[in-house]
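Working notes for the structure below.
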Amino acid sequence: MTIRTRFAPSPTGHVHIGNIRAAVYGWLFARHEGGQFLLRIEDTDRERSTPEAVRTVLDAMEWMGLTFDEEPLYQSMRMPAHLAAAEQLLAKGLAYREDKGGTGKGEAVVFRMPGTDMAFHDEVKGDLRKKAEDMKDFVIVRSNGTPVFHLANVVDDIHMGITHIIRGDDHVENTYRHLALFCALGAPVPKYAHLPMIINAQGKPYSKRDGAAYVGEFRDKGYLPEALFNYLALLGWSPGDDREIMSREELVRAFTLDRVRSAPSQMDLKKLDWLNGVHMRALPRETLEAGCRAVLERRALWPVPGGLDYLARVVETMGERLHFFTDIADHASYFFTEEYVFDEKAVNKRLKKAGAADALRALSDRLAALDPFNAQTTEQALRALAEERGEGAGVLVHPVRVAVSGSSEGPSLFHMLEVLGKDRVLARIARALEKFAAE
RNA sequence: GACCCCAUCAUCUAGAGGCCUAGGAUACCAGGUUUUCAUCCUGGACACACGGGUUCGAAUCCCGUUGGGGUCGCCA
Numbered sequence: 029m030t031i032r033t034r035f036a037p038s039p040t041g042h043v044h045i046g047n048i049r050a051a052v053y054g055w056l057f058a059r060h061e062g063g064q065f066l067l068r069i070e071d072t073d074r075e076r077s078t079p080e081a082v083r084t085v086l087d088a089m090e091w092m093g094l095t096f097d098e099e100p101l102y103q104s105m106r107m108p109a110h111l112a113a114a115e116q117l118l119a120k121g122l123a124y125r126e127d128k129g130g131t132g133k134g135e136a137v138v139f140r141m142p143g144t145d146m147a148f149h150d151e152v153k154g155d156l157r158k159k160a161e162d163m164k165d166f167v168i169v170r171s172n173g174t175p176v177f178h179l180a181n182v183v184d185d186i187h188m189g190i191t192h193i194i195r196g197d198d199h200v201e202n203t204y205r206h207l208a209l210f211c212a213l214g215a216p217v218p219k220y221a222h223l224p225m226i227i228n229a230q231g232k233p234y235s236k237r238d239g240a241a242y243v244g245e246f247r248d249k250g251y252l253p254e255a256l257f258n259y260l261a262l263l264g265w266s267p268g269d270d271r272e273i274m275s276r277e278e279l280v281r282a283f284t285l286d287r288v289r290s291a292p293s294q295m296d297l298k299k300l301d302w303l304n305g306v307h308m309r310a311l312p313r314e315t316l317e318a319g320c321r322a323v324l325e326r327r328a329l330w331p332v333p334g335g336l337d338y339l340a341r342v343v344e345t346m347g348e349r350l351h352f353f354t355d356i357a358d359h360a361s362y363f364f365t366e367e368y369v370f371d372e373k374a375v376n377k378r379l380k381k382a383g384a385a386d387a388l389r390a391l392s393d394r395l396a397a398l399d400p401f402n403a404q405t406t407e408q409a410l411r412a413l414a415e416e417r418g419e420g421a422g423v424l425v426h427p428v429r430v431a432v433s434g435s436s437e438g439p440s441l442f443h444m445l446e447v448l449g450k451d452r453v454l455a456r457i458a459r460a461l462e463k464f465a466a467e
């Protein structure tokens with residue numbers, strides 16, 4: 029029997045990180061087993077289930093690389109099947125009609141629990157059981173004639189031939205109901221794997237208040253899907269050895285449900301950041317450049333004279349300083365605009381200091397005389413000048429860096445000067461002199 | 001409250017009775033490399049919630065306590 033798993037989100041306009049992790053685990057499991065991974069949109073809540081909300085789910089899946097093997101099933105289209113199942117249960121005497129005083133006018137259809145103790149083996153939590161007296165009959169069709177989640181869910185899982193249900197452990201208590209429904213409908217029961225929640229520092233379910241909580245936010249903040257994927261895979265699961273940095277393929281090869289932890293885990297955004305840097309550094313040049321360009325476009329820092337070649341040189345110079353695509357705008361905007369911001373502390377320390385203006389003027393003259401203006405020649409000129417003045421190179425290096433980039437951090441100064449080019453460098457030094465060095 | 005689940009460094013985790021004076025990673029601290037920053041390298045501090053058992057031997061098994069979480073809808 030080939031394994032089939034599914035991700036069954038209800039489209040609410042955003043995809044929670046905990047949900048996408050469930051999808052990641054389902055996908056990983058299906059791929060590892062050579063099975064299928066399916067998508068079912070639980071869009072029965074017509075208020076919230078707008079086409080845009082559905083689009084958000086699809087986008088998140090695509091961005092994360094969670095490919096599914098069949099066309100998505102839209103639960104709203106399946107209402108007749110759900111109702112038919114209820115009729116069948118009614119006919120078999122496994123359900124009954126009753127007015128439980130609900131919202132609707134008439135009677136609801138209530139499913140009769142078997143009245144026996146129940147047990148099942150959860151792939152991550154182990155053996156779980158529940159006593160008959162702790163389980164009550166429950167409504168499967170509302171008095172207004174619409175099917176309830178439990179019914180729809182089970183009927184659709186049967187229809188889709190789902191063999192393994194991988195979902196959040198807030199569903200464990202529902203499992204007994206679902207199991208009973210599978211049996212009542214004469215279908216083979218699937219296996220279940222309940223994943224622990226992702227929690228915040230307070231032990232509560234991780235939410236928007238705790239930082240980025242939705243897939244789209246991570247994307248917008250510049251995280252790489254492969255980094256988030258890698259991170260999420262390791263949040264609650266481990267390969268059993270010391271590997272941490274893993275590609276999608278390695279994860280597929282290593283993933284098994286029995287290595288999923290059953291205790292909840294907390295997001296560590298710092299670790300995600302680190303992992304993002306790791307994946308960033310492993311990216312092919314063209315991908316890196318394309319990602320940076322997209323950010324620049326979004327921040328209105330693109331296009332720029334020199335175009336793609338220029339961008340390539342900036343990216344090359346920034347090197348492993350880019351932990352996020354957004355860093356190209358957050359930490360290297362001075363390559364793309366004259367409107368770069370001056371860091372106040374850096375200005376005070378390096379430009380408003382006694383002697384800084386004098387040093388800058390002297391250096392500016394030397395730089396102006398350079399014919400090939402590149403990393404080598406600028407470095408030579410600077411060092412020669414420093415020696416003549418009987419000072420360390422730092423006395424010159426720091427002020428220029430701040431004058432030219434506004435910041436005291438950044439790539440190798442001389443490569444930066446080369447990329448910026450003589451004209452811009454001289455103009456920036458002059459402007460900085462005017463602006464800050466009122467010596 | 002009832003029922004269920006969970007419990008190793010700050011965080012993610014390895015650990016399925018002796019290999020554990022508990023390993024790795026992030027974060028943190030200290031040094032080195034880089035006259036900056038980042039990367040990288042080296043070192044450091046940091047944990048088996050508690051109490052009882054079982055056993056020659058327990059982070060690992062059992063019971064209890066404590067702490068946390070989930071579920072108790074004609075929501076999904």
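Going by this note's numbering, the first residue of the first sequence is number 29, and it counts up by one from there. Ideal placement from N, C-alpha and C gives every residue a C-beta, glycine not left out.
- For W302, the three-state secondary structure derived from DSSP is helix.
- Look at F364 here: in three-state DSSP terms it is coil, with no helix or strand label.
- Between the alpha carbons of N181 and P253 lies a gap of roughly 29 Å.
- With 16 or more other CB atoms across the displayed protein chains lying within 10 angstroms of its CB, V183 is buried.
- One alpha carbon belongs to I168, the other to H206, and they sit about 11 Å apart.
- Counted as a single uninterrupted DSSP element, the alpha helix (DSSP H) harbouring G244 occupies residues 243-248.
- For Y220, the enclosing beta strand (DSSP E) starts and ends at 219-223.
- The stretch 372-382 makes no contact with the stretch 347-361; the number of CB pairs closer than 8 Å stays below 3.
- Between M346 and P439 a beta carbon distance of about 6 Å is seen, short of the 8 Å cut, so the two are scored as contacting.
- Distances from the CA of G63 to each of F166, H192, K128 were compared; the closest alpha carbon is that of H192.
- When only Cα atoms are considered, L395 and R459 end up about 15 Å apart.
- DSSP places R76 outside both helix and strand once states are collapsed to three, so it counts as coil.
- For V169, the enclosing beta strand (DSSP E) starts and ends at 166-169.
- The Cβ atoms of E366 and F401 do not sit closer than 8 Å to each other.
- Contact fails between the stretch 75-95 and the stretch 158-166, because fewer than three Cβ pairs, one in each stretch, are under 8 Å apart.
- Residues V169, G173, P175 of the same chain have their beta carbon placed closer than 8 Å to that of L111, with the five preceding and five following residues left out of the count.
- For the 8 Å CB-CB criterion, A431 and L379 form a contact.
- CA-to-CA, the gap between E348 and G305 works out to about 8 Å.
- Listed in chain order, the alpha helix (DSSP H) runs fully inside the stretch 251-335 are 253-262, 276-282, 297-309, 313-326, counting runs of at least 4 residues.
- Contact between the stretch 94-111 and the stretch 140-154 is absent: fewer than three C-beta pairs spanning the two stretches fall below 8 Å.
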